[in-house]
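A.B. asks: Count along the sequence shown starting at 1, add 14, and that's the number in the working numbering.
Glycine included, every Cβ here is placed at the ideal spot set by N, Cα and C.
I'd like to ask you about the structure that follows.
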Amino acid sequence: MTRRPVQGRAAPDRAPAGGPLGEPALFSGGVLRNQRVAAGLYELLLAVPDAGDPPRPGQFVSLVLESGVAQPEFEGLEGPLLRRPFSVAGFVQARGRRRLKLLYASVGRITRRMAALVPGANIGLLGPLGTPFPLEVPEPILLVGGGRGIAPLLYLGETLACRGRAFALVYGARRGAEMLPAGQLPGGSIWLATEDGARGRRGTVLDVLDGLRLEAPTVMACGPHGMLASVAGWSAARGAACWVSVEAVFGCGTGLCGGCAIPAAGKPPDFLWACRQGPVLPAESVDWERWNASDL
Ligand SMILES: Cc1cc2nc3c(=O)[nH]c(=O)nc-3n(C[C@H](O)[C@H](O)[C@H](O)COP(=O)(O)OP(=O)(O)OC[C@H]3O[C@@H](n4cnc5c(N)ncnc54)[C@H](O)[C@@H]3O)c2cc1C
Ligand code: FES
15 MTRRPVQGRA APDRAPAGGP LGEPALFSGG VLRNQRVAAG LYELLLAVPD AGDPPRPGQF
75 VSLVLESGVA QPEFEGLEGP LLRRPFSVAG FVQARGRRRL KLLYASVGRI TRRMAALVPG
135 ANIGLLGPLG TPFPLEVPEP ILLVGGGRGI APLLYLGETL ACRGRAFALV YGARRGAEML
195 PAGQLPGGSI WLATEDGARG RRGTVLDVLD GLRLEAPTVM ACGPHGMLAS VAGWSAARGA
255 ACWVSVEAVF GCGTGLCGGC AIPAAGKPPD FLWACRQGPV LPAESVDWER WNASDL
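Now the structure itself:
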């Protein structure tokens, strides 16, 4: 297997170790397990090469299906066009073995094909990419996840738990059937919200937050950008520092195409590149009003 370092990425806060999964590199992941964990939601467990530093919570990998996995509408196109970003949802290393976990919703052309991956298949990965969630922050930390936005919070929660940090989780989805089982969620204090009322409180994560009796100086959230805008406003009103992991449609995922631009706060109007300056951003750096009003 050859690994090619990617140029032009932000340097980590210590010397790069090179290769999976410290400094960004191209590598291949072997499918060990690919299973449905909720309606439309799948967990993919990959064996990855044993090298480099672990990925940091909030970072993502850019994935391409390799030959042998049917992707007929793209025949003849080059690989990078087929790449899709997925947050690191889990990472373990033991006895020289490394396992990378992704949690994905089957929503379109590539993710539908991912759902058909079987053990033994290989996929191409580029990563880890993007900014991580900060870990040295005041506690308790409130994690807020909506839908598939729970993915990076699983790894973040595991990491916080390993460090003995105090945190709680608010997790929402449209339907109870689309939610991960309780046993797969990190932390002891968990509040759920579903729009169909099947699990937890009927409503949204905002309804839970509004009724919460927890003073949290730090909030970290991932989900649809409407939800993130509300969580950002809720946090600002309470003087809590808020970090959000944003989703935009990525082209290159490496800061080259500008396809992931989201409106930045401040004047004159500017943009942030979600793939390079994010996906984890301080909530106040985003112009939520302009983003909500735009087609981006
Ligand atoms: C930093 C980052 C991390 C992500 N992490 C996860 C994750 O952990 N789990 C997960 O399930 N998904 C994640 N996503 C979203 C995931 O990349 C898209 O769902 C995926 O690209 C869809 O590919 P597709 O070919 O199946 O869909 P397509 O056929 O390309 O599109 C299907 C639908 O999804 C929309 N879509 C396509 N790409 C994106 C995108 N990047 N963001 C939002 N909507 C999109 C399209 O507009 C369309 O409505 C992440 C996105 C980003 C930017
Ligand atoms: S996706 Fe190309 S610059 Fe961000």
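1. Is the beta carbon of A212 closer than 8 Å to that of R189?
2. Determine, using beta-carbon pairs with one atom in the stretch 135-144 and one in the stretch 160-178, whether at least three such pairs fall under 8 Å.
3. Going by other Cβ atoms of all chains shown within 10 Å of its Cβ, with 16 needed for buried, is L206 buried or exposed?
4. Closer than 8 Å is the cut-off here; do at least three beta carbon pairs connect the stretch 147-157 with the stretch 226-246?
5. Taking C-alpha atoms, which residue in D284, F181 and C289 lies nearest to W305?
6. Less than 8 Å between the CB atoms is what I'm expecting for G54 and A119, so what's the real figure, rounded?
7. Below 8 Å on the Cβ atoms is my contact criterion, and I expect G292 with P99 to pass it. Report the Cβ-Cβ distance as a whole number of Å.
8. Run the CB neighbour count on E261, radius 10 Å, all protein chains shown included, and call it buried at 16 or more, exposed below.
9. Do you know whose CA, among G186, P148 and L174, lies nearest V158's CA?
10. So does W287 have its beta carbon nearer than 7 Å to some heavy atom of ligand 2?
11. Taking 6 Å as the limit between beta carbons, can you name the residues of its chain near A135, skipping five residues before and five after?
12. Find the nearest neighbour of R47 within the set A130, D67 and A255, judged by alpha-carbon distance.
13. Would L143 pass as a contact of L58 if the rule is Cβ separation under 8 Å?
14. Closest to G161 by CA distance: which of C176, F41, F264 and H239 is it?
C.D. replies: Reading from the atomic positions:
1. Yes, the pair counts as a contact, with Cβ atoms nearer than the cut-off.
2. Contact fails between the stretch 135-144 and the stretch 160-178, because fewer than three Cβ pairs, one in each stretch, are under 8 Å apart.
3. With a threshold of 16 other beta carbon atoms within 10 Å, L206 meets it and is buried.
4. The stretch 147-157 vs the stretch 226-246: in contact.
5. The option with the nearest alpha carbon to W305 is D284.
6. Contact holds; Cβ gap of about 6 Å.
7. Contact flag wrong, Cβ pair sits at about 11 Å.
8. Buried, by the Cβ-count rule.
9. Of the candidates G186, P148 and L174, the residue whose Cα lies closest to the Cα of V158 is G186.
10. Yes, the Cβ of W287 comes within 7 Å of a heavy atom of ligand 2.
11. V45.
12. Residue A130 is the option with its Cα nearest to R47.
13. Not in contact: L143 and L58 (Cβ atoms no closer than 8 Å).
14. Of C176, F41, F264 and H239, the residue nearest in Cα terms is H239.
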